[in-house]
Amino acid sequence: MAVACRAHRRAGHQLVSDHQAIRERYVTLGLLPMESGGGYTPPGVDDFKWDPWFPDLAWLSWLNKPSAQAIIAAALIIVLWLVASRNLKIQPSKGQFFAEYVYEFVRNGIARDILHSDFRKFLPYLLGLFSFLLINNWFGEFFLFMYPTFSNVGYAYGLALLSWLVYVGAGFKKWGFGGFLKRSLIPEGVPGYLLPIVIPLEFLATFITRPITLALRLFANLFAGHLVVLVFVVGGGFLLTYANNAFYNVAGGVSLLFSLIILLLELFIGALQAYIFTVLTAQYVSSSIAEAH
Numbered sequence: 068m069a070v071a072c073r074a075h076r077r078a079g080h081q082l083v084s085d086h087q088a089i090r091e092r093y094v095t096l097g098l099l100p101m102e103s104g105g106g107y108t109p110p111g112v113d114d115f116k117w118d119p120w121f122p123d124l125a126w127l128s129w130l131n132k133p134s135a136q137a138i139i140a141a142a143l144i145i146v147l148w149l150v151a152s153r154n155l156k157i158q159p160s161k162g163q164f165f166a167e168y169v170y171e172f173v174r175n176g177i178a179r180d181i182l183h184s185d186f187r188k189f190l191p192y193l194l195g196l197f198s199f200l201l202i203n204n205w206f207g208e209f210f211l212f213m214y215p216t217f218s219n220v221g222y223a224y225g226l227a228l229l230s231w232l233v234y235v236g237a238g239f240k241k242w243g244f245g246g247f248l249k250r251s252l253i254p255e256g257v258p259g260y261l262l263p264i265v266i267p268l269e270f271l272a273t274f275i276t277r278p279i280t281l282a283l284r285l286f287a288n289l290f291a292g293h294l295v296v297l298v299f300v301v302g303g304g305f306l307l308t309y310a311n312n313a314f315y316n317v318a319g320g321v322s323l324l325f326s327l328i329i330l331l332l333e334l335f336i337g338a339l340q341a342y343i344f345t346v347l348t349a350q351y352v353s354s355s356i357a358e359a360h
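Under our numbering, think of the first position of the sequence shown as 68, with each following residue one higher.
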């Protein structure tokens, strides 16, 4: 019995040691953030917490991996669209063709179809919004990044707040303060005795629920997708390097191969969430400036 207990303890220590080595490897690759503590810890919420890169500099204490990715994405969008809009040719190059495809997709498929004659005012924002979302979502599948920016809920709330300011501001600009509130809170044809119930509900839907659900939908999909990738990559790597167990090694290899399939699926989900967020923003703007509700 004593021999069995000692063997069991040695196996447990080996598990901990192997898992620590694997986590350090994936931290080095940028798959996981640095964290304190030891022992076997499966991927979880803590893997989405990033320490500041310069904690000793107060004016740079906000800079970590997600914020750096957001800055890089913004810079890439500015540079790419500036380059794409210069030296346009009748017979487009591959780069110009791709840029025109993305532009026409947002212009015709989102802005014009939803906003109709008013689409030109909001097209620059919608195009920039879709581009920014797409790049940040796809950061989760590219080496050196391997983290979708909006799986951090703060950035999802920030972008939802920006869209909220756009559609609420558009309504106030077109109808005035009182006019927009009246159109937003009092639907046409509602009997007066129902207004005490309808007005609070409409206020919640227009000014509170929309930005919250907009942010949470984006965050939840990217958070869950990246967590699944972490589970298969870290768990697969752990099983693949498990000593003297061929079954675990094979399972680890299958898990790593399956993680590649999930990465491809996450590319599609990232593009889909960028599209949904942009479409909903356009619909909210349309509801704010529409002639009738």
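Ideal Cβ placement from N, Cα and C applies to all residues, glycine included. Computed from a predicted model, the values in this text were never measured in an experiment.
Is the Cβ-Cβ distance between residue i and residue j less than 8 Å?
i	j	result
S128	A237	no
L334	E167	no
G303	S326	yes
Q136	N203	yes
L309	G319	In the sequence as displayed, the identity of residue 309 is Tyr instead of Leu. Result yes, Cβ atoms of Y309 and G319 sit closer than 8 Å.
F314	N219	no
Q350	I181	yes
L323	N316	no
S230	L271	no
Write down the C-beta distance between residue i and residue j rounded to the nearest angstrom, noting that I regard them as a contact closer than 8 Å.
i	j	result
A341	F186	With a Cβ gap of about 18 Å, A341 and F186 do not count as contacting.
L201	G337	7 Å
V233	V352	6 Å
T345	I144	Not confirmed; about 14 Å, so no contact.
V296	I329	5 Å
P133	Y222	6 Å
A151	F199	Contact flag wrong, Cβ pair sits at about 15 Å.
If I measure Cβ to Cβ from residue i and keep anything under 8 Å in the same chain, skipping five residues before and after, which residues do I get?
i	result
R174	F186, L190, L194
L261	none
L155	Q163
N311	none
Output needed for residue i: all residues of its chain with C-beta closer than 6 Å, excluding positions within five of it in sequence on either side, in chain order.
i	result
V298	P110
A142	none
I343	none
Y224	A282
G259	none
F247	G238, F239
For residue i, which residues in the same chain have their Cβ closer than 7 Å to its Cβ, ignoring the five residues on either side in sequence?
i	result
W120	L130, N131
I266	L252, I253
V257	V265
W242	R250
L368	For the chain, the structure presents residues 68 to 360; residue 368 sits outside this window and is missing.
Let's see if you can read the secondary structure: which residues bound the alpha helix (DSSP H) around residue i?
i	result
S152	Note, S152: premise wrong, no alpha helix (DSSP H); not H, not E.
F209	Neither: F209 is in no alpha helix (DSSP H) and is coded neither H nor E.
H293	277-307
N219	Unbroken run through N219: none, as it is neither H nor E.
L127	Segment: none, L127 is in no alpha helix (DSSP H) and carries neither H nor E.
G256	First-last for G256: undefined, no H or E at that position.
G319	313-356
F9	The chain is shown from 68 up to 360; residue 9 falls before or after that span and cannot be answered.
I266	262-270
G111	Run containing G111: none; DSSP gives neither H nor E here.
A166	161-173
Item to check | Inter-stretch contact (C-beta, 8 Å, three-pair minimum) for the region 213-226 and the region 283-299 | outcome: In short, these stretches touch, since the Cβ pair count reaches three.
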